[in-house]
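Residue numbers (numbering that gives the first Met the number 0), protein chains in the order written: chain A, 0 to 271; chain B, 0 to 267.
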Amino acid sequence: MAELVPLEEAVARLIHDGDTVALEGFTHLIPVAVGHEIIRQGRRDLTLVRMTPDIVYDQLIGAGCARKLIFSWGGNPGVGSLHRFRDAVEHDWPHPLELEEHSHAGMANRYVAGASGLPFAVLRGYVGTDLVTATATIAPIACPFTGEVLTAVPALNPDVTVVHAQRADRHGNVQMWGITGIQKEALLAARRSLVTVEEVVDRLEPVPGAVVIPGWAVTLVSHVPGGAHPSYAQGYSTRDNAYYQWWDSVSRDRETFQAWVRSEVLREGAPG
Amino acid sequence: MTQTAAAHTAAWTTDEMMTIAASRALHDGTVCFVGIGLPSTAANLARRTHAPDVVLVYESGTIGAKPGTLPYSIGDGILADTADAVVSVPEVFNYWLQPGRIDVGFLGAAQIDRFANINTTVIGDYDRPSVRLPGAGGAPEIAASCGEVIVVVRQSRRTFVDRVGFVTSVGYGRGPGDRERLGLRGRGPRQVITDLGIMAPDPDSCELTLTHVHPGVTVEQVIAATGWELGDAADLRVTEAPTEHEVAVLRHLEQTKRQSVTRTSVRP
């Protein structure tokens, strides 16, 4: 069963320099608080994996935690560009960022293969696009039964996957509902996992459409209410759309961004 | 008639005309894969006007979403709350999109070319781009596997280029026969709807040609905003002007989206 530990301890125990780390959550249930803890603990050379790197990855990239990004869509949803991501790719600031770029269908299937213990996944995808030449991890494969040529993508097996969920019980059984995206596959594909939750309860009451992950398949659970903000947790909070707009102005400028990291993440100068 | 047109001209913006034209491209009961932004606005407008039974599928896994307000992102809670089914991301791509269950894919573009290929990846060299765009998202497989594709994008020479620098999503490749040669199962782009008019692929050459200009727009204006020698269809028409009802419903939807921003706080 998963162990319940404080956030700081969970990140220190599970995430190390050079690790391949996936923080997943498809608009909903994004583990933003863990991203900030990674920045506070000064992790470096991470290979960050995420289908939709949004502002939490913009923050990690800008803070210099990432060496490489494996992704399928990197934008500020509903707002526009990720300015720290663009600055890294376009100007190598704060240092170069290697990209491994896929489509959503490809990334989803890579996690499915990883969770299934398979070396690769097969899909109808990418054919005719320039992603085939830009990305080494996309290859044609012939169906052994019909000869039809399809596309293969390798499994993703992160060292650590982090997700946010609504609830866990005291045994570390995790329950999430609403848009559950790719979290289950990403978590089961990983060698180690951390789930932050809104609430720890004695008993997980059934919820329609909920995904339950048994505690023995999870490494650590941390109680972090509001840990998805400015993303949201259905039934607990709503998406803070104004924050996503506000982030555009903070992230445009390197100095403004660095001041934000110092005051809001590192909490320099904060009392206590 | 002239008087009515003049009154209408003052009553809508070019962006509203584009969104309304896009909404009309959806028929009642159509199953539609919806991206965020203009496509989502247009699909929700269609559902509130002439196509109440249009089925909206968002890549977040919400199938048959019926949001009462315009969502701000593809993963807003209201999409899950109002959906017929909420499925995982692998399921939405593997079980619903890939086998051809979706009639229409609604896409935007940063660049689009004469064969309706779309670039949302980079401007300039891939390894050292002048502009790094968000990337593919769901678009390559939407463009490949939906029954047909409708593109909604504002028209300018910067966006409408002779040939995209990076093919993120395939339209008609380099011309006739390319989709079949690549094994793409969907028919490809049916219409490209902009703030100036509507383009459709020529049946023989697959090249985008102008089929409609919006009211008040000249053919010359559209040509000037296009980076290749845009041809026009033999039966070039003027798009039917927006009705007061369409404009009213659209403005109401946009207002609900603005309210979703102001009612939340910036700071935790």
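Yeah, the Cβ is synthetic: ideal placement off N, Cα and C, and Gly gets one too. Owing to the predicted nature of the structure, the values given are computational and were not obtained by experimental measurement.
Among the residues facing chain B, N172(A) is not included, as its CB has no counterpart in that chain under 8 Å away. The beta carbon of S102(A) sits closer than 8 Å to some beta carbon of chain B.
Cβ contact annotation for F165(B) (same chain, cutoff 7 Å, sequence separation greater than five): N118, T120, V121, Y125, in chain order. No Cβ-Cβ contact shorter than 8 Å links I60(A) with V88(B). Taking a beta-carbon distance threshold of 8 Å, D75(B) counts as an interface residue toward chain A. Counted as a single uninterrupted DSSP element, the beta strand (DSSP E) harbouring Q190(B) occupies residues 188-192. When rounded, the separation of the alpha-carbon atoms in R178(B) and G63(A) is 42 Å. Annotation for D86(A): the continuous alpha helix (DSSP H) segment containing it runs 82-90. Contact annotation: in the segment 135-169 of chain B, residues whose CB is within less than 8 Å of a CB in chain A are A135, G136, G137, A138, P139, E140, A143, S144, F165, V166, T167, S168, V169.
Rounded to whole angstroms, the Cβ separation of V196(A) and A216(A) is 15 Å, and the two are not in contact under 8 Å. Boundaries of the beta strand (DSSP E) around Y57(B): 54-57.
Contact annotation, A79(B) with T68(B): C-beta distance approximately 14 Å; criterion of less than 8 Å not satisfied. By the 16-neighbour rule on beta-carbons within 10 angstroms, S262(A) is exposed. Within chain A, the residues whose beta carbon sits less than 7 Å from that of G60(B) are I178, G180, listed in sequence order. For I69(A), the CB contacts under 6 Å within the same chain, skipping 5 residues up- and downstream, are V48, E99 in chain order. The bridge partners DSSP lists for C31(B) are L55(B), V103(B). Taking 8 Å as the cut-off between beta carbons, the residues of the segment 49-77 of chain A near chain B are M50, T51, F70, S71, W72, G73, G74, P76, G77, in sequence order.
Around G137(B), the same chain offers F32, G34, E58, F92, L96 as residues with beta carbons nearer than 8 Å, after the five sequence neighbours per side are excluded. In the three-state DSSP reduction, V200(A) falls in the strand class (E or B).
With 16 or more other Cβ atoms from the protein chains shown falling within 10 Å of its own Cβ, F105(B) counts as buried. Boundaries of the alpha helix (DSSP H) harbouring Q182(A): 182-188, taken from the DSSP string.
Look at the segment 202-264 of chain B and you find these whole runs of beta strand (DSSP E), each 3 residues long or longer: 207-212, 230-237.
In this structure, DSSP gives N93(B) a helical state, which the three-state scheme calls helix. The three-state reading of DSSP puts P128(B) in strand, counting E and B together.
The beta-carbon of S204(B) is placed no less than 8 Å from the nearest beta-carbon of chain A. Taking a beta-carbon distance threshold of 8 Å, A241(A) counts as an interface residue toward chain B. Contact check for G76(B) against T237(A) passes: the beta carbons are separated by less than 8 Å. E2(A) and I140(A) have their C-alpha atoms roughly 42 Å apart.
Taking C-beta atoms as the reference points, A135(B) and S80(A) fail to come closer than 8 Å. The Cβ-Cβ distance between L22(A) and G34(A) falls below 8 Å.
Straight across, the Cα-Cα distance linking D194(B) with A223(B) is about 13 Å.
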